[in-house]
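S.K.: Numbering (UniProt numbering), first residue to last: 1 to 309. We put the CB at the ideal spot given by N, CA and C, even for glycine.
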């Protein structure tokens, strides 16, 4: 874990945001953090219900549930990994247990999703970029990812590869306690999406993407922004919508103008293509972090990995 932790520590930047109102106030934090600020600790206690007593009780209960489940009973789970799932479930052990069981089951059914990628592939795909990791967080501490799906060439980035990229990114980012607590905001940009992308939009692929991201990964998806709706998105949407819970649907926002994004994100955290102040490309630090994350991901097992700090 040292290499990944070192690149995390070596990166500094600033930023943050939330809903329409919170906009352009407050100090911002870098994407890569090395400590939990006071507001995140408070959020963890008030929103996620984490106290020393609750943590101990629900951790014990979760371990007991895992010990009686056939597919998890022989796995010696990393404590930090279990805490990720408990935080996500607001310390309801049974909910955490269901997601842990799901991720172990997914790994056995779809082992390709859990494989690392050639380093050069990481460099080429994130240098284009199809997926942007913004170097600053929103003022509420959320990490920001931009998925430029209109730039996705399914012949170069297959669905399985796309899922591998997501698994590497999200599982490694969730080793950052700040991200476990504050969550993610994702912008899905369909500008220039071609009919070729429809190859990826099968019911099976839509199910696996949703199941992996929602039922397996303990990510807190605070806002999902759909930008530049296109014919391709309109073809995708009825398929995707079937799988979405009411809770997730309420967190989806549709935008046709750049200015509409500015109601949710300060300019300081957005890339220039959306009228922001950040680069339209992933920085060298981000690409180096991803290369290290890929190396760490290869070493991971069903038992999970410890936090960065």
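Suppose the cutoff is 6 Å on Cβ atoms and the five residues either side in sequence are ignored; what does the same chain contact list for residue 258 look like?
M.R.: 274, 275.
S.K.: Using CA atoms only, rank isn't needed, just tell me which of 194, 120, 186, 113 is closest to residue 131.
M.R.: Among 194, 120, 186, 113, the Cα nearest to that of residue 131 is on 186.
S.K.: Please state the DSSP three-state secondary structure of residue 144.
M.R.: Three-state DSSP puts residue 144 in a strand.
S.K.: Taking the alpha helix (DSSP H) that residue 94 belongs to, which residues open and close that run?
M.R.: Start and end: 93–109.
S.K.: To the nearest angstrom, report how far apart residue 200 and residue 251 are at their CA atoms.
M.R.: Each residue's Cα considered, the two are about 24 Å apart.
S.K.: Which two residues bound the contiguous beta strand (DSSP E) that contains residue 221?
M.R.: 221–227 is the span of the beta strand (DSSP E), which, as asked, contains residue 221.
S.K.: Whole angstroms is fine: what's the gap from residue 125's alpha carbon to residue 218's?
M.R.: Rounded to whole angstroms, residue 125 to residue 218 spans 25 Å at the Cα level.
S.K.: Taking residue 88 as part of the beta strand (DSSP E), name the residues at either end of that continuous run.
M.R.: Counting along the chain, residue 88 falls outside any beta strand (DSSP E), though it belongs to the alpha helix (DSSP H) covering 79–88.
S.K.: Just reading off the alpha helix (DSSP H) that residue 67 is part of, what are its end residues?
M.R.: Taken as a continuous stretch (DSSP letters only), the alpha helix (DSSP H) holding residue 67 covers 52–68.
S.K.: Where does residue 217 fall in DSSP's three states?
M.R.: Note: residue 217 maps to coil in three-state DSSP.
S.K.: Among 70, 29, 91, whose alpha-carbon lies nearest the alpha-carbon of residue 53?
M.R.: Considering only alpha carbons, the answer is 91.
S.K.: What separation, rounded to the nearest whole angstrom, lies between the Cα atoms of residue 207 and residue 253?
M.R.: Spanning the two alpha carbons is a distance of roughly 21 Å.
S.K.: Between the stretch 233–246 and the stretch 114–122, do three or more beta carbon pairs fall short of 8 Å?
M.R.: The stretch 233–246 vs the stretch 114–122: no contact.
S.K.: Quick check: residue 303 and residue 77, are their CB atoms within less than 8 Å of each other?
M.R.: In contact: residue 303 and residue 77 (Cβ atoms closer than 8 Å).
S.K.: Pull the bridge partners of residue 186 from the DSSP assignment, please.
M.R.: BP columns for residue 186 point to 145, 224.
S.K.: Just to check my reading of the structure: residue 143 and residue 179 have Cβ atoms closer than 8 Å, yes? What is that Cβ distance to the nearest angstrom?
M.R.: 5 Å between Cβ atoms; contact.
S.K.: Which whole-angstrom value describes the C-beta separation of residue 309 and residue 34, a residue pair presumed to lie in contact below a C-beta threshold of 8 Å?
M.R.: Sure, about 6 Å apart at Cβ, within 8 Å.
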